Each structure stands twice: as structure tokens, then as C-alpha cells.
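Here is the structure we will look at, set down as C-alpha cells.
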Amino acid sequence: MLTLKEGAFFIADAHENEDRRGFWDFLQALERGEIHTPQLFLMGDIFDLLVWEISASHSFAMPYIVLLEKLCEKMEIYYLEGNHDFNLSRFFQKVRVIPLQNQPLVLHTSKGKDENFFLAHGDIFLNPILQFLLKSLRNRFLLRFLNVLNFLTFSSISKQILARQKKKNLFYKIENFKILAYKRYEKYQAKGAWVIEGHYHQNLFLREERVKYFNLPSFAYERSFFVVKFSPEVKFEKQ
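Just so you know, we're using our numbering here: the sequence shown kicks off at 123 and counts up by one.
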């Protein structure tokens, strides 16, 4: 089992695009040594659109990809695929990509006290119809067809997706999300372990007798990321 190290950084839902460059600034700060971490966990939807088969999504992300590979010389980097960034493994050699079918990623720490952690973007354990649609979207043959269609229409499909994403409200509160969080936790069968997700953008932290759950906020909102500390209780400190 992989080990979660003290001081690890967690970032979710940066939704980086031409008008939103907070994640790029964050990576630059890591490169300059202004902030330090032994591990970086990218919890999905880091870009508004990044898919290997969709060539129009590559050029914007390429400087980020190069820098992430370079940063792997200083730290471990795990990239959990989301529903806006997937089929990523061919972009990276050093970054460890965790596709949807391999989520949750399970980690352990024995520092402070023994704890297990279940990490996922958050688009798993959904209703069967939605789960089928998300799986279908990742089909490489379908994506290659869409890529050709996108090329023939002068990138109209990818441009429409990005335009919609720029207008999307990333900062809404989901009513009664705590109830959903309890249901989400049950589906992981975590049995007292931590469950950490992105996707919902809710910044909800639960530490109860039978539930340990953290839904990360969107980095795109306040450019906030979280540092894990063991003292001896697990803490996620907002930065």
C-alpha cells in the first residue's frame, strides 16, 4: 500500500483555462521553491478540458505537463483523473496517473496513528445510468471520432465545451450536502478510514466516530490547497 506523507498537498478542481491561471502560478511557486511538499495529489478536473484523443485540448496544457514532469524530480505527483481530464497516461512518464477505474487510490500512514485514506475525484459510485455515460465518454473510439469531427468543424466542439465551462458556476453550495456525504462515505466501505474527494466543490470536513470525510473545495475559487499534518490527529490545513 502506498504511504501518505506528512506535508502532502491536495488540490482539486482547478478548472484551468485561458482565463484562469491559478494552477500555473501554483506550479511556478513549487518550481521556485517558495512552497515545498514531498507529495502532490491532483484530485481531478485540473483543466477544463484535457483528453489525449482530443488534440485541440493539448496545446494549452502542454507547458503544465512539461513542468509537472520536471517537478517529479523533487516530489511524488499523483494525478487522479476527473470528468474533464481523462485518458491522460500517454501525456506523462513520471507523474503517476490514476484513471477512474483504479479509483479510489488507497494510502496508509503510521505516523501519529495508523490511518488509511481513500482518494478519488468523486465521480465514482454514482447511479448506473450516469456511471455508464461517464464510462462511455472515455471510450477511445468514440473520442477519436469526435476528434475528427472537431477538426473538420474547426474545433467548434471543443470551443463550445470550453465556452460553457467558462460560464459555469464553480462555487455553488449544494443543499443538504452533508446527507449526500454520509451516503458517499458508505459506498466506499471505508470502515473508519478517511475518504477524500473533489468534484462537488463543497469544502465539507467531517470527523465523527464512524465517518471521516473531506470534500475539497475548488482550487479555482480561492486558489486554496490543503496540507496534511499528523499531530497525532489528521489535519488538513488550508493554505
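Every residue, glycine too, gets a C-beta built ideally from N, C-alpha and C. Owing to the predicted nature of the structure, the values given are computational and were not obtained by experimental measurement.
| Query | Result |
| --- | --- |
| Does DSSP put A183 in a helix, a strand or coil? | helix |
| Against chain D, does G166 count as a neighbour if the rule is that its beta carbon must be under 8 Å from one of theirs? | The displayed structure is made up of one protein chain only, and chain D is not part of it. |
| Measuring alpha carbon to alpha carbon, tell me which residue in D207, L190, Q225 is nearest S177. | D207 |
| Can you tell me whether DSSP reads Q161 as helix, strand or coil? | strand |
| So, is H230 buried or exposed, given that buried needs 16 or more other C-beta atoms within 10 angstroms? | exposed |
| Can you check whether the CB of Q253 is closer than 8 Å to the CB of Y295? | Here residue 295 turns out to be Lys, not Tyr, going by the sequence shown. Taking 8 Å as the Cβ cut-off, K295 and Q253 do not qualify as a contacting pair. |
| Around the Cβ of N270, are there at least 16 other Cβ atoms within 10 angstroms (buried) or fewer (exposed)? | It is Val, not Asn, that sits at residue 270 in the sequence shown. Classification for V270: exposed. |
| How many whole angstroms separate the CB atoms of G320 and K334, which I take to be in contact at a CB cut-off of 8 Å? | Between K334 and G320 the Cβ distance is about 16 Å, and since that is not below 8 Å, they are no contact. |
| I want to know whether the segment 270-285 touches the segment 297-310 - three or more CB-CB distances under 8 Å. | no |
| Go to K281, then tell me how far its alpha helix (DSSP H) extends in each direction, as first and last residue. | 278-289 |
| Cα-Cα, which of S258, Q287, L193, F131 is closest to R154? | L193 |
| So what does DSSP say about F358, is it helix, strand or coil? | strand |
| List, from N- to C-terminal side, the alpha helix (DSSP H) runs of 4 residues or more that fit wholly inside the segment 198-284. | 250-259, 262-274 |
| Please identify the residue among R218, L241, F148, P221 whose C-alpha is closest to the C-alpha of V228. | L241 |
| Classify A312: buried if its beta carbon has 16 or more other beta carbons within 10 angstroms, exposed otherwise. | buried |
| Taking L124 as the reference, which of D141, E191, R218, R212 has the closest Cα? | R218 |
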